[in-house]
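Trainee: No gaps in the numbering here: position 288 of the sequence shown is 301 in the numbering used here, and each next residue is one more. A single structure is presented below for examination.
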Amino acid sequence: MQKLYMAVDLGLTTVRVMWGALQDGRITMGEIARFENIPVSQKSEVQWNIPQIYRQIIESMRQMGAQEVSVNGISCHSWPSDFMLFSKDGAVLTPVARRVNSVDPSGMEKMFAKVTWEAVYEETGVQRLPGNTLFQLANENSRRLGRAAQLMPIADAFNHLLSGVRCVEQSLASATQVFNPHTNTWSPRLLQALGLPAQLFPQVVKSGTKLGLLRPEITKETKIEDAQVVATCSNGHANALASLPVAEGEDWAYLRLGSEAFIGTQVGEPVINDVTRELGYSNEACFGATNFFKRAPGLWILNECRRYWIERDHELGGDILLHLATTCPAFESLINPTDPRFYEAGDMPAKVQAYCRETGQEIPRKPGQITRCILESLALYYRKIVQETSALTGRQFSRFYLFGGSENMLLNHIVTNALQVPVVLASSDAASVGNILIQALALGHIQSPIHAREILRASFKPNIIIPHHVNWDAAYNRFIELGNCTPAIV
C-alpha cells in the first residue's frame, strides 16, 4: 500500500514543496509547488515574509488535498541561524530578521565580551559566524526579547504553525550555537551570559519525532486528514546526509557545493578540541550521529568571474566555460581560494591574474584558462580538508558523496582525480529525500535506518565517477607552497 508524504524545503531563494511516495520498497519524488522566497526590506533590515510563505505552503497543501489522496506526513526544513519569536498568546513577533548571511561582527563582539570564544566553542562545538543564532541574540533588542515567550528556529516554527506543538529538533538546535552537545540541552552558561531565561527555549526533540496531527483549521482548509507533522531533521543539511545510500561500515566523506562549500563526515560523538577550533570545524547533530564538517570556498569565485564577463557582453554560459576549460592544459596556474581578495566582489578575473602574477606563475588570460585555474585550485583545497578530516577522525575515506555538482561535470571529475577515491553524485533533491525517509521511519513505514538505505539504493541509481590515475601529488605540493597553506595535519 502506498504511503505519501510532503516535504517543505525553505531555501534561501526558493521554497519548494515536494511529495514523496513509498511503495513496494521504493521511493518516488515529485514537486507540488515552487515559489520565490523574497525577503522584505524595512529600515535597512532584511526580513522574512512569514505570512506570504505560510499562505503559499497552505496553498500547496490545498493542491495536494484536491487530489483526494491520503497524505501520511508533512515536515519542514531550512537552514540554521534565523528564528521566530512568539508572544505569550502565540502570535509571531514581527519583524522576523533574515541574517543568515550577516557580516556584522557586533553580535560576536558583544558575546565575546561576556564569554571567550574558546569557551563558546568548547560549550557548543560550532564555528563562529556573524549570523549564528547566538550572536543574533547577543545583538537583539532586549525589550523585544522581553516580550517573547518562546523562540524557535524557522523550520521548527513552521512545524509549530502546522501542528500547534512547540519544540526544537536536535539537528537545528545544535546549529544555533546555544546548544551543548555534551549534555544535549540548551547551554545554561550561554543563556546566563545572554541574560535569557531557560523557558524561552522549547524542549529539544530527537530527529524523527511525531509532533501530532495538523491543526483542525488547516485540515478543514486543505482537505488533508490524519496527516502527522513530523520533526525530521529541521536542518536541511542534516536531512541531505540522511539521504545518502551509505553501505554499512563504509568510511565516507562528503562535499556540499554551492557558492560556499561544506566538507565533512559523520562521527559517533562530537569532536571538540583546540585543533578543531583553530582549523574551523563544526559539530551538528544529524539523525543519531554527528555531522563533523568545515566550511570552504565554493563556486563564488567562478560565479563572480561569470558575472563580470556577462556584464561585458561575453556570451559565456556555464557549459561554454566548462568546454573552454577542458581544452586548456592542467595545472598551468593555481590560486589559494582562501586568499582574502577572493571573498570580495569585483573584477574577479583580474584578481585571479594578479594572484598568479604575484606568485610568479603563468598568468591565465582567457576565460577557459581562468576557469580551469579556479576549479583545480578548489579541488586541491578540498583534498587538503579531506586529509585534515581523515587525520582528525582517524578514518581513511573510501568513498566521497558530492551534493550540488550535477551541473559541473568537469569539476566533478577534477575533484574525483584530486581525491583519488570514487565520487557518488547525490540527488539534487537530497534534503527532501532525507526529510521523507525520516518521516517514513518515524511513522513506522520503514523498519530501520539500514532498511532505509536499502530503499535508497533500490530507488535511485547512483552516478559514480571513478578516478583516473593522474598524479596530482606534485600539483598539490605546489598548491601548498604557492598559497602559503599549512599542509594537512597527519
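Note that the Cβ used here is the ideal one computed from N, Cα and C, for glycine as well.
1) My output table needs one value for Q149: the three-state DSSP class, helix, strand or coil.
2) With burial defined as no fewer than 16 other Cβ atoms inside 10 Å of the residue's Cβ, what is the status of Q216: buried or exposed?
3) Could you pull out every residue in the same chain whose Cβ sits closer than 6 Å to the Cβ of P377, ignoring the five residues on either side in sequence?
4) Considering only residues of the same chain and omitting the five flanking positions on each side of H283, which have a CB-CB separation below 7 Å?
5) May I ask which residues mark the beginning and end of the alpha helix (DSSP H) holding V133?
6) For E324, does the count of other Cβ atoms within 10 angstroms reach 16, so buried, or fall short, so exposed?
7) Between A487 and V365, what straight-line distance do the alpha-carbon atoms span, to the nearest angstrom?
8) Bridge partners for L268 per DSSP, in chain order?
9) Suppose the cutoff is 6 Å on Cβ atoms and the five residues either side in sequence are ignored; what does the same chain contact list for V128 look like?
10) How would you write the range of the alpha helix (DSSP H) that H464 sits in, first residue to last?
11) Which class does T232 belong to by DSSP, given the choice of helix, strand or coil?
12) How many whole angstroms separate the CB atoms of A424 and L393, which I take to be in contact at a CB cut-off of 8 Å?
13) Could you give the C-beta distance for A79 and K236, rounded to a whole number, given that I count them as a contact under 8 Å?
14) Using the rule of at least 16 other Cβ atoms within 10 Å of the residue's Cβ for burial, across every protein chain shown, is D360 buried or exposed?
15) Provide the residue(s) that pair with W199 in DSSP beta bridges, ordered along the chain.
16) Quick check on V242: buried or exposed, where buried means 16 or more other Cβ atoms within 10 Å of its Cβ?
17) Look at the Cβ atom of T27, then the Cβ atom of A34, and state whether they are nearer than 8 Å.
18) Give every residue of the same chain whose Cβ lies closer than 6 Å to the Cβ of H250, excluding the five residues on either side of it in the sequence, and list them in chain order.
19) Are the beta-carbon atoms of P435 and I398 separated by less than 8 Å?
20) Helix, strand or coil for N248? Go by DSSP, reduced to three states.
21) Which of the three DSSP states is assigned to P143 in this structure?
22) Might you give, ordered along the chain, the residues of its own chain that have their beta carbon closer than 6 Å to the beta carbon of A188, omitting 5 neighbours on each side?
23) Using the Cα positions of V446 and D22, report the straight-line distance between them to the nearest angstrom.
24) Look up G225 in the DSSP assignment and say whether it is helix, strand or coil.
25) Can you list, in chain order, the residues of its chain with a C-beta nearer than 7 Å to that of N114? Leave out the 5 residues immediately preceding and following it.
26) Taking the alpha helix (DSSP H) that P362 falls in, what are its first and last residues?
27) Around the C-beta of N154, are 16 or more other C-beta atoms found within 10 angstroms, so that it is buried, or is it exposed?
28) Is DSSP giving A487 helix, strand or coil here?
29) I'd like to confirm the pairing. Which residues does DSSP put opposite S54 in its beta bridges?
30) Give me whichever residues DSSP pairs with H90 in a beta bridge.
31) Can you have a look at R160 and say buried or exposed, based on whether 16 or more other CB atoms are within 10 angstroms of its CB?
32) With respect to the alpha helix (DSSP H) encompassing P353, which residues constitute its N-terminal and C-terminal limits?
33) Give the single residue among L17, D442, A338, H327 whose Cα lies nearest to the Cα of M422.
34) Please state whether DSSP places A206 in a helix, a strand or coil.
35) In the DSSP assignment, the alpha helix (DSSP H) including K397 goes from what residue to what residue?
36) Got a sec? Which residues, its chain only, sit under 6 Å from F5 by beta carbon, not counting five neighbours each side?
Mentor: Short version:
1) Of the three classes helix, strand and coil, the one that applies to Q149 here is helix, per DSSP.
2) Q216 is exposed by the Cβ-count criterion.
3) Scanning its chain for C-beta atoms nearer than 6 Å, with the 5 sequence neighbours on each side dropped, one finds around P377 the residues S346, I383, C386, in chain order.
4) The question names His, but residue 283 is Pro in the sequence shown. Contacts found: G138, P194, N296, T303.
5) First-last of the alpha helix (DSSP H) with V133: 130-137.
6) Exposed is the call here.
7) Taking the straight line from one Cα to the other gives about 21 Å.
8) Beta bridge pairing from DSSP links L268 with I276, L415.
9) Answer for V128: A206, listed in chain order.
10) First-last of the alpha helix (DSSP H) with H464: 462-472.
11) Helix, per DSSP.
12) As written in the sequence, residue 424 is Leu, which differs from the Ala given in the question. Between L393 and L424 the Cβ distance is about 12 Å, and since that is not below 8 Å, they are no contact.
13) Their Cβ separation, rounded to whole angstroms, is 7 Å, which keeps A79 and K236 in contact under 8 Å.
14) By the C-beta density criterion, D360 is exposed, having fewer than 16 other C-beta atoms within 10 angstroms.
15) Partner(s): F192.
16) Flag for V242 reads buried.
17) The answer is no: Cβ separation not under 8 Å.
18) Leaving aside the five residues that flank H250 on each side, none in its chain has a CB nearer than 6 Å to its CB.
19) For the 8 Å CB-CB criterion, P435 and I398 do not form a contact.
20) Strand.
21) Assigned with DSSP and collapsed to three states, P143 falls in coil, not helix or strand.
22) Counting only Cβ-Cβ distances below 6 Å, and skipping sequence neighbours, we find P93, N248, E297.
23) Rounded to whole angstroms, V446 and D22 show a C-alpha spacing of 11 Å.
24) Strand at G225.
25) Result list for N114: G144, in chain order.
26) 361-371 is the extent of the alpha helix (DSSP H) around P362.
27) Exposed, since its Cβ has fewer than 16 Cβ neighbours within 10 Å.
28) Reduced to three states, the DSSP call for A487 is helix.
29) DSSP lists V59 as partners of S54.
30) The partner list for H90 (beta bridge, DSSP) reads D22.
31) Looking at its Cβ environment, which holds fewer than 16 other Cβ atoms inside 10 Å, R160 is exposed.
32) It is not in any alpha helix (DSSP H) - P353 carries neither H nor E in the DSSP assignment.
33) Checking every option, the nearest Cα to that of M422 belongs to A338.
34) Annotated three-state conformation of A206 is helix, per DSSP.
35) Unbroken alpha helix (DSSP H) run through K397: 380-406.
36) In the structure as shown, the chain begins at 14 and stops at 503. Residue 5 is therefore absent and cannot be evaluated.
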